[in-house]
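As structure tokens, the structure follows; a few thoughts come after it.
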Amino acid sequence: MTNTNRPAENCYFKRIGVELNAYRRHLLDRIEIQKSTKGVSKIIIDGVSPQTKPSSIYAAAAKFDLCELLIDSSENLSRCAQWQIHSVQLDMTADRGYKKGPISSVMHAGIYFTIDMAGYSCASTRRMWIYNVRNLLNLCSKKNIIVVFNEEKYTEEEVLEIFLLFKIKKRVAVKFLSTNVENMLITAAMKKYAYKGAIIPMEENESSFKRLVYRATKPLKSIKK
Numbered sequence: 040m041t042n043t044n045r046p047a048e049n050c051y052f053k054r055i056g057v058e059l060n061a062y063r064r065h066l067l068d069r070i071e072i073q074k075s076t077k078g079v080s081k082i083i084i085d086g087v088s089p090q091t092k093p094s095s096i097y098a099a100a101a102k103f104d105l106c107e108l109l110i111d112s113s114e115n116l117s118r119c120a121q122w123q124i125h126s127v128q129l130d131m132t133a134d135r136g137y138k139k140g141p142i143s144s145v146m147h148a149g150i151y152f153t154i155d156m157a158g159y160s161c162a163s164t165r166r167m168w169i170y171n172v173r174n175l176l177n178l179c180s181k182k183n184i185i186v187v188f189n190e191e192k193y194t195e196e197e198v199l200e201i202f203l204l205f206k207i208k209k210r211v212a213v214k215f216l217s218t219n220v221e222n223m224l225i226t227a228a229m230k231k232y233a234y235k236g237a238i239i240p241m242e243e244n245e246s247s248f249k250r251l252v253y254r255a256t257k258p259l260k261s262i263k264k
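Residues 40 to 264 (our numbering) are what the sequence shown spells out, left to right.
Structure below.
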């Protein structure tokens with residue numbers, strides 16, 4: 040797979056004022072990605088298998104703010120729960136039989152689930168997408184969910200209306216596009232830029248990602264004071 044920017048997966052979360060630039064690549068690709076210097080960058084890695092080592096994931100994600108893995112089985116999901124990543128995107132276009140155990144492990148590790156609206160957009164995958172999204176929402180109790188969408192196809196209100204069809208409250212669906220996103224970003228920034236409760240000193244022209252540290256309202260449990 041060619042390493043390119045994926046505009047269909049880029050998303051501007053207007054409720055929190057964060058621009059997310061996503062780039063997708065296969066784990067075996069070696070072409071260097073030219074990423075934007077604006078906003079927060081996210082690498083979406085495909086090709087995770089039972090033989091994948093975490094070191095290869097970290098090497099591929101080293102130059103990006105966030106790392107997300109494309110996952111197509113409960114087995115791979117269980118393994119990535121032990122890795123230093125920020126989110127996973129489950130294959131919602133086929134019947135993969137995701138189970139509660141791996142889902143719970145991922146949540147316990149503080150990893151978020153990204154739901155891409157692309158599966159709903161395509162008529163051939165829409166039914167399976169709806170089935171899998173409903174299943175995921177039940178298994179994770181509607182927690183740790185982030186929704187991304189192509190702004191050329193959907194407005195935020197249209198996305199919210201679709202999720203209301205899953206019989207969830209609007210305030211919960213709104214979190215998928217705001218609070219959950221911000222919490223994930225702040226936690227990721229804290230892990231990178233805070234050490235034993237101390238934040239790396241402010242610099243001129245700081246990145247959008249580092250500035251997220253200053254939104255934190257409470258210490259991160261995994262960072263010792």
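Using N, Cα and C, we set each Cβ at its ideal position, and we do this for glycine too.
Please read these numbers as outputs of a predicted model, since none were measured by experiment.
In the DSSP assignment, ASN60 is bridged to SER80. Between MET131 and GLY149, the gap from beta carbon to beta carbon reaches 7 Å or more. Of the other Cβ atoms in all chains shown, 16 or more fall within 10 Å of the Cβ of GLU107; this residue is therefore buried. Taking all protein chains shown into account, LYS214 has 16 or more neighbouring C-beta atoms within 10 Å of its C-beta and is therefore buried.
Here DSSP, grouped into helix, strand and coil, assigns ALA233 to strand.
The closest CA to that of SER217, considering only ILE55, TYR193, ILE207, CYS119, is found on ILE55.
For LEU66, the closest alpha carbon among the candidates CYS50, PRO93, SER80, LYS77 is that of PRO93. The residue from GLU190, LEU178, SER144 with its alpha-carbon nearest to that of MET156 is GLU190.
Only residues of its own chain outside the window of five on either side were considered, and among them LEU176, LYS181 have a CB closer than 8 Å to the CB of ILE207, listed in chain order.
DSSP lists ILE83, SER126 as the beta-bridge partner residues of GLU107. The straight-line gap separating the alpha-carbon atoms of ARG166 and GLU197 is approximately 18 Å. Distances from the alpha-carbon of TYR62 to those of ILE82, ILE70, TYR51, LEU199 put ILE82 closest.
Collapsing the DSSP output to three states places TYR137 in coil. If you ignore the 5 residues before and after ASP104, its C-beta comes within less than 6 Å of the C-beta of VAL79, SER80, PHE248, all in its own chain and listed in chain order. With contacts defined by Cβ atoms closer than 7 Å, THR164 and ILE185 do not form a contacting pair. Taking C-beta atoms as the reference points, LYS192 and SER160 count as a pair closer than 7 Å.
In the structure shown, the three-state DSSP call for PHE202 is helix. Pairing GLU200 with ASN219, the inter-Cα distance amounts to about 18 Å. ALA227 places its beta carbon 7 Å or farther from that of HIS147.
In the three-state reduction of the DSSP assignment, THR153 falls in the strand class.
Per DSSP, ILE70 lies in no alpha helix (DSSP H) segment and is marked neither H nor E. Counting only residues of its own chain and dropping the five nearest sequence neighbours on each side, ASP111 has a CB closer than 7 Å to the CB of ASP130, ARG135. Between the C-alpha atoms of GLU114 and VAL127 there is a straight-line separation of about 13 Å.
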